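These notes concern the structure reproduced below.
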Amino acid sequence: MAASIKDVAKEAGVSIATVSRVLNDIDVVNEETKEKVLVAIKKLGYRPNIVARSLKTQKTSTIGIIIPDISSQFYPEIVRGAEDVANIYDYNIILCNTDLDIEKEMEYLKVLKEKMVDGVLYMSNSLQKDIIDLIRELEIPTVLTETIDEEKSFPSVTVDNLKAAYEATKYLIEKGNKKIAYVGPNDNNVNATSLRYKGYKKALLEMNLEVDQSLISFSGIKAKDGYAAMEKVIDNSSIDGIFCASDEIAMGVINLLRDKGIRVPEDIDVIGFDNIYSSSIFYPKLTTISQPMYDMGSVGMRMLIKIINKQPLGKEHYVLNHKLIERDSCKK
């Protein structure tokens, strides 16, 4: 039978009220008494009734994390950084995978509100107006991670996706490439990958190169999407470089090129985005833009915990550093 707060009080020789004060970290208990209570808790294996405590404190020490795709190598690394920080501050995690489904995102937000989570770390494939409106309506403390809303109305942690994509495309141009294809999501949505498309176009225009629509193939973010999208433009024999909005897309693109007998990088340079683990062991190893995934999660979680505890934020919007990683999918 599980130990109760009454058992702890009896073991420590104190009142139930004193045990409650220790559990809620109220400073009126002296150190000697506090130590007795903590020893009794450990000896009896006592675990507080979270539901009862949350009704009293209006806090559950639980944080929801919403991610678009748990099968991706990108998001779990962010979650790992977030969870490590949450553990330090004794918060539990509820992980919600939306499968890139907007309706599922909205449903999870409502469920997390019902579960009385203290806050939400939110990663989204598309920050549509309905999503933004729902977050405001539910009044859950929220930090956006790896993306940012247009009005910058929510605290966020991300990289400068437009600048990073610009640098990736410029890198391909500086390699002597003139006909650079783009494979990835379009700019209809408000998310990180749409900014990458804008960065791609910005680099071409600044280097006096045409934004050739026949070289642009919009796709999802998975390897299979990259493969199918590349198949639509591969007959354009002028292509000499390809900017892909994610590493998974780049892997699909390279697989299609390989199936067509086209060599990377001898015939076409390919650059990815994210620097997921597979990018360093794929053949050829991917040249890519590295995002600090773990740091995104840890910084985002620290921001959220500060908001929950009504502590001031150093900054509302953190833009972390990205880095271009040179490997083997582009000519040296």
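Counted the way the UniProt record's numbering counts, the sequence shown spans residues 1 to 332.
Just so you know, even glycine gets a beta-carbon here, dropped at the ideal spot from N, CA and C.
Given the structure is predicted, the values throughout are model-derived calculations rather than measurements.
Alpha-carbon spacing of residue i relative to residue j, whole angstroms
{"i": "K175", "j": "L121", "result": "39 Å"}
{"i": "Y108", "j": "N191", "result": "19 Å"}
{"i": "I140", "j": "Q311", "result": "16 Å"}
{"i": "S290", "j": "V319", "result": "14 Å"}
{"i": "T60", "j": "V117", "result": "6 Å"}
{"i": "V37", "j": "I5", "result": "10 Å"}
{"i": "E11", "j": "E31", "result": "17 Å"}
{"i": "I41", "j": "G272", "result": "52 Å"}
{"i": "S124", "j": "T147", "result": "7 Å"}
{"i": "I93", "j": "D130", "result": "25 Å"}
{"i": "I276", "j": "I325", "result": "11 Å"}
Residues that DSSP places opposite residue i in a beta bridge
{"i": "V120", "result": "G64, T142"}
{"i": "K323", "result": "S290"}
{"i": "Y182", "result": "I216, F243"}
{"i": "C96", "result": "I66"}
Buried/exposed call for residue i, threshold 16 Cβ in 10 Å
{"i": "E245", "result": "Note that residue 245 corresponds to Ala in the displayed sequence, not to Glu. Classification of A245: buried, given that the 10 Å Cβ count is 16 or more."}
{"i": "N177", "result": "buried"}
{"i": "M207", "result": "exposed"}
{"i": "S298", "result": "buried"}
{"i": "E103", "result": "exposed"}
{"i": "Y89", "result": "exposed"}
{"i": "G252", "result": "buried"}
Pick from the options that is closest to residue i, judged by C-alpha positions
{"i": "S156", "options": "H317, H322, N321", "result": "H317"}
{"i": "V111", "options": "N177, I63, N189", "result": "I63"}
{"i": "A82", "options": "S71, L95, L313", "result": "L95"}
{"i": "V85", "options": "G45, T98, R302", "result": "R302"}
{"i": "A168", "options": "R21, V253, D274", "result": "D274"}
{"i": "F74", "options": "N321, N309, I307, D295", "result": "D295"}
{"i": "I216", "options": "N208, G184, N189, L209", "result": "G184"}
{"i": "P265", "options": "I249, T287, C330, Y89", "result": "C330"}
{"i": "V211", "options": "A228, D235, K222, I173", "result": "I173"}
{"i": "E137", "options": "K104, D90, K113", "result": "K113"}
{"i": "H322", "options": "G220, K198, T158", "result": "T158"}
{"i": "T145", "options": "G300, G314, K306", "result": "G300"}
{"i": "K43", "options": "A3, D69, E77", "result": "A3"}
{"i": "I66", "options": "E105, R47, L256", "result": "E105"}
Contact set for residue i: own chain, Cβ-Cβ below 6 Å, skip 5 residues either direction
{"i": "Y200", "result": "A165, T169, Y182, F243"}
{"i": "V22", "result": "V29, K34, V37"}
{"i": "L195", "result": "N161, L162"}
{"i": "S238", "result": "K179"}
{"i": "V19", "result": "I5, V8, A9, V37"}
Residues near residue i by beta carbon distance below 8 Å, same chain, minus five either side
{"i": "S280", "result": "L286, R327"}
{"i": "N236", "result": "K179, A181, S214, L215"}
Close Cβ partners of residue i (< 7 Å) along its chain, the five nearest in sequence each way excluded
{"i": "K152", "result": "H317"}
{"i": "R80", "result": "Y294, G297"}
{"i": "L304", "result": "I63, G119, L121, P141, V143"}
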